[in-house]
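Engineer: In this note's numbering, the protein residues as written are 41 to 229.
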């Protein structure tokens, strides 16, 4: 597993730092950093993405008005028992501003990095050019549950949704956490 993690990080470094423009000393430094066992941000490895400086914390919440919430579910230990545990999963919600996102839509776009991950609402976002719901991230088999939760939230926030106003297309993205979580248990509720 550690080998695959190292390879993934090296591929990321190569892809996002100009590919063939990396010098051998940069690759050696990156490998030494990975071998140290510490976790680093891309910028700390010398990978500069974009043209602008980071905010104070180099985090999405450096952007005025952006709010991020997260729930982590951890329970059980030992060998995997499908449907029972151990549980190591969660949900992250990103709100682009503190107002009513449905009424104050936010310009948006997307990019498909690998074609494997799923994200509901992606096509509508691409066609309309904006988002109108919070963005949520969860594990692969809980996308439907989280999407239902976003729809419930939007109906409570904007009772006209689906009646006298448009229907809602929530944005829920996924990642496969089955290597550390009982994904079949679908423990997000």
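All residues carry an ideal CB built from backbone N, CA and C; glycine is no exception.
(1) Between the Cα of residue 110 and those of 140, 222, 182, 178, spot the shortest distance and give me the residue it belongs to.
(2) Helix, strand or coil: which one does DSSP assign to residue 154?
(3) Quick one: residues in its chain with C-beta nearer than 7 angstroms to the C-beta of residue 147, no 5 flanking neighbours on either side, listed in chain order?
(4) Counting along the chain, where does the alpha helix (DSSP H) carrying residue 196 start and finish?
(5) Tell me, which residues are paired with residue 120 by DSSP?
(6) Within 10 Å of its beta-carbon, does residue 128 have 16 or more other beta-carbons around it, so buried, or fewer, so exposed?
(7) Hey, residue 214 and residue 166: beta-carbon distance below 9 angstroms or not?
(8) Below 8 angstroms, can you find three or more Cβ-Cβ pairs linking the segment 97-116 to the segment 196-203?
Structural biologist: Working from what's here:
(1) Here residue 110 refers to the residue found at position 70 when the chain shown is read from its first residue. Ranking 140, 222, 182, 178 by Cα distance to residue 110 puts 178 first.
(2) Counting from one through the chain shown, the residue named residue 154 turns up at place 114. Here residue 154 sits in coil by DSSP.
(3) The residue given as residue 147 occupies position 107 in the chain shown. If we look at residue 147 and ignore the five residues flanking it on each side, its Cβ neighbours are 169, 170.
(4) If you number the chain shown from 1, residue 196 lands on position 156. First-last of the alpha helix (DSSP H) with residue 196: 183-197.
(5) Here residue 120 refers to the residue found at position 80 when the chain shown is read from its first residue. In the DSSP output, where bridge partners are listed per residue, residue 120 has none listed.
(6) Residue numbering aside, residue 128 sits at position 88 when the chain shown is read from its first letter. Buried.
(7) As a first step, residue 214 is located in the chain shown; it is residue number 174 there, counting from the start. As a first step, residue 166 is located in the chain shown; it is residue number 126 there, counting from the start. Against a cut-off of 9 angstroms, the Cβ pair of residue 166 and residue 214 comes out as no contact.
(8) Output reads no: the segment 196-203 does not touch the segment 97-116.
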